[in-house]
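The structure under discussion appears below in the form of structure tokens.
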Amino acid sequence: MRTQTSALRSKDLLGIEPLSPEEITLILDTAEGFKEVSERPVKKVPALRGQLVINLFMEASTRTRVSFEIAEKRLSADTLSFSASGSAVEKGETLIDTAQNLMAMAPDMIVIRHKHPGAPKMLADRLPASIINAGDGAHEHPTQALLDAFTIREKLGRLQGVNVSIIGDISHSRVVRSNIHLLTKMKANVTLAGPPSLMPVQIERMGVRVVNSLNEAIEGADVIMMLRVQLERQGKLSFPSLREYYNTFGLTPERLRRAKEGVMVMHPGPMNRGVEIASDVADGPYSVILEQVTNGVAVRMAVLYLLGGAHMAE
Amino acid sequence: MLLFAPEMNIKKRLLDSARMARAIRRMAIEIVEKNRGTDDLMIVGIRSRGVPIGERIAKEIEQMEGLPVPFGIIDITLYRDDLTTIAPQPVVKPTKLPEPIDDKVVVLVDDVLYTGRTVRAALDALIDFGRPKAVMLAVLVDRGHRELPIHADVIGKTVPTDAEEVIKVKLEETDGEDEVLIMEK
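In order, the protein sequence lines correspond to chains A and B. First residue of the first sequence: 66, per the numbering used here; consecutive thereafter. First residue of the second sequence: 6, per the numbering used here; consecutive thereafter.
Written as structure tokens, this is what we have:
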């Protein structure tokens with residue numbers, strides 16, 4: 066097993082919670098360098114040549130999986146992706162067995178998405194490969210928070226003191242948990258709003274402000290981050306109807322008029338148009354939703370490079 | 006790459022500010038002579054100390070010829086052949102080229118030519134941006150000890166060195182003063 070000597074302390078990226086503000090800044094600074102690679106005529110650099118990255122997506126994903134795959138290919142890594150359906154997982158193989166079998170093929174890194182919180186950590190503790198969490202249950206989704214922070218920093222030039230309001234289904238969201246960790250570490254001001262049935266009790270302990278209405282959250286915000294209503298995670302709706310959700314917490318052009326001039330509207334995707342966000346807002350002038358997707362590749366390249374690009378041979 | 010152990014001593018001052026300025030002016034003249042003018046010329050500094058030297062060369066050429074010369078910056082971090090053995094890794098910074106390099110005469114500029122591995126990486130990086138008509142190499146100091154078949158077309162100062170010695174290039178823009186020192190343990 067190799068000795069890790071990169072500037073990140075851990076061999077893995079399991080979440081934002083274990084990272085220091087310096088490590089977060091390093092990842093964001095590195096991502097700036099990588100953004101330029103995607104604008105070149107030859108969108109590829111040899112940094113991870115000869116390294117094998119396995120993408121293990123045990124839960125549905127389009128954006129994140131595609132983004133990781135593009136990032137890996139632009140770094141010249143060899144990649145292999147597979148999902149739960151169509152694999153031995155369907156035949157009852159446990160995650161540990163799957164991982165150990167993959168490990169026998171000597172990957173340098175494994176990117177994993179799993180419905181159970183802690184699944185990436187379980188692999189990280191057992192395998193010598195670097196594990197990157199691409200979303201585990203309602204726990205963390207660190208690369209999403211990093212790309213959100215990158216997008217904010219790129220537009221506003223800083224994170225410190227920026228007012229970020231996150232609105233929607235707070236309870237089921239790993240995106241919000243990673244974002245709260247990141248934004249509070251970087252000294253941004255975080256405000257949450259959402260239906261009380263989707264607001265975890267004592268969430269204020271994470272250093273955030275909770276308000277009751279969308280209008281309160283919009284007022285004074287530099288950034289409005291809308292969360293997806295995660296219909297598939299709820300079993301049954303935690304609010305009376307989608308129409309009522311839209312009327313209470315949906316971001317409409319009328320409501321956005323209360324916001325600061327130049328406010329940034331973000332959404333981690335996939336969007337439910339007409340539920341948490343109106344189409345006119347999603348496609349409107351304040352929306353940076355597609356820039357988030359573009360930046361996602363640069364941020365994931367930075368993470369892959371920092372974890373895998375420079376390490377001492379044994 | 007310059008790594009200094011704290012116990013390194015100054016052995017010799019190779020260039021002071023005035024001599025460095027003259028060396029850079031002469032390099033600019035040689036580049037224009039070799040290219041027979043400034044047509045298609047593009048100066049590209051290799052991060053990090055190749056950047057201020059390249060900028061100065063571009064400025065000298067502009068003053069001499071009365072025409073601005075396009076100037077770019079190339080970052081070779083991702084093309085290094087020692088990525089797996091160095092630590093901590095250098096921060097990746099963007100490459101900035103002012104225009105397409107196709108059919109240009111690109112002059113790569115660096116502070117010290119030593120093993121040639123940096124130049125090898127810079128050539129690989131450059132080729133990913135297009136097909137220049139020609140590539141030239143200009144360095145402030147050539148200290149020998151090549152490990153690859155690479156040579157400089159324009160040299161500010163040639164100096165034979167021992168492998169234990171370190172050439173330290175200080176520049177106004179990055180270090181507050183202009184001088185080149187030979188250091189030894």
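Ideal Cβ positions, reconstructed from N, Cα and C, are used throughout, including at glycine.
Asked: Three CB pairs or more closer than 8 angstroms across the segment 183-197 of chain A and the segment 360-374 of chain A; Found: yes
Asked: From A:G80, A:Y351, A:G334, residue whose alpha carbon lies closest to that of E205 (chain A); Found: A:G80
Asked: For N277 (chain A), three-class secondary structure by DSSP; Found: coil
Asked: Residue nearest to R114 (chain A) in terms of C-alpha spacing, selected from A:S146, A:D287, A:K138, A:V346; Found: A:K138
Asked: Neighbour list for D201 (chain A) in chain B, Cβ cutoff strictly below 7 angstroms; Found: Those do not exist, as D201 (chain A) stays about 27 angstroms from chain B at its closest Cβ, beyond 7 angstroms.
Asked: Residues near A92 (chain B) in its chain [Cβ-Cβ closer than 7 angstroms; skip 5 each side]; Found: Confidence in A92 (chain B) is poor, its pLDDT being 47 and thus under 50, which makes the residue's placement too unreliable to answer from.
Asked: Residue interval of the beta strand (DSSP E) (run including R50 (chain B)); Found: The question names Arg, but residue 50 (chain B) is Gly in the sequence shown. Looking at the DSSP string, the run of the beta strand (DSSP E) that includes G50 (chain B) is 46-51.
Asked: Exposed unless 16 or more other CB atoms sit within 10 angstroms - verdict on R27 (chain B); Found: exposed
Asked: CA-to-CA distance, L91 (chain A) to H332 (chain A), given in whole angstroms; Found: 24 angstroms
Asked: Endpoints, alpha helix (DSSP H) assigned at E35 (chain B); Found: 22-40
Asked: Coil, strand or helix - E3 (chain B) by DSSP; Found: In this structure chain B extends from 6 to 190, so residue 3 (chain B) is not present and cannot be described.
Asked: Range of the contiguous alpha helix (DSSP H) that encloses E169 (chain B); Found: First-last for E169 (chain B): undefined, no H or E at that position.
Asked: Residue span of the beta strand (DSSP E) that contains K325 (chain A), given as start and end; Found: Premise fails: K325 (chain A) is in no beta strand (DSSP E) and is neither H nor E.
Asked: Euclidean distance between Cα positions of S344 (chain A) and E309 (chain A); Found: 17 angstroms
Asked: Short CB-CB distance (under 8 angstroms) between G135 (chain B) and chain A; Found: yes
Asked: Proximity below 8 angstroms, CB of V241 (chain A) to CB of T249 (chain A); Found: no
Asked: For H156 (chain B), the three-state DSSP class (helix, strand or coil); Found: coil
Asked: Given D158 (chain B) as reference, the closest of B:T166, B:A126, B:L186, B:V111 once Cα atoms are compared; Found: B:V111
Asked: C-beta atoms of R218 (chain A) and L93 (chain A) nearer than 8 angstroms; Found: yes
Asked: Through-space distance from H179 (chain A) to V117 (chain B), alpha-carbon basis; Found: 50 angstroms
Asked: Boundaries (first-last residue) of the beta strand (DSSP E) holding L83 (chain B); Found: No beta strand (DSSP E) holds L83 (chain B); DSSP gives it neither H nor E.
Asked: Proximal chain A residues relative to T123 (chain B), where beta-carbon distance stays under 8 angstroms; Found: Those within 8 angstroms of T123 (chain B) in chain A number zero; the least Cβ separation is about 15 angstroms.
Asked: Where the beta strand (DSSP E) through G361 (chain A) begins and ends; Found: Per DSSP, G361 (chain A) belongs to no beta strand (DSSP E); it is in the alpha helix (DSSP H), 354-369.
Asked: Alpha helix (DSSP H) segment containing H246 (chain A), residue limits; Found: 239-250
Asked: Through-space distance from P137 (chain B) to I177 (chain A), alpha-carbon basis; Found: 42 angstroms
Asked: Span separating the alpha-carbon of R125 (chain B) from that of G226 (chain A); Found: 44 angstroms
Asked: Cα-Cα separation between F304 (chain A) and L102 (chain B), rounded to whole angstroms; Found: 54 angstroms
Asked: Of the listed residues B:D86, B:I36, B:E70, nearest to V110 (chain A) (C-alpha basis); Found: B:D86
Asked: Test: G222 (chain A) CB closer than 8 angstroms to a CB of chain B; Found: no
Asked: Min CB distance F215 (chain A) to chain B below 8 angstroms; Found: no
Asked: Run of the alpha helix (DSSP H) containing T129 (chain A), from where it starts to where it stops; Found: 128-139
Asked: Run of the alpha helix (DSSP H) containing G98 (chain A), from where it starts to where it stops; Found: 86-102
Asked: Contact with chain A by K98 (chain B), beta-carbon distance below 8 angstroms; Found: yes
Asked: Buried or exposed (CB count within 10 angstroms, at least 16 for buried), Q68 (chain B); Found: exposed
Asked: E104 (chain B) and P73 (chain B) closer than 8 angstroms at C-beta; Found: no
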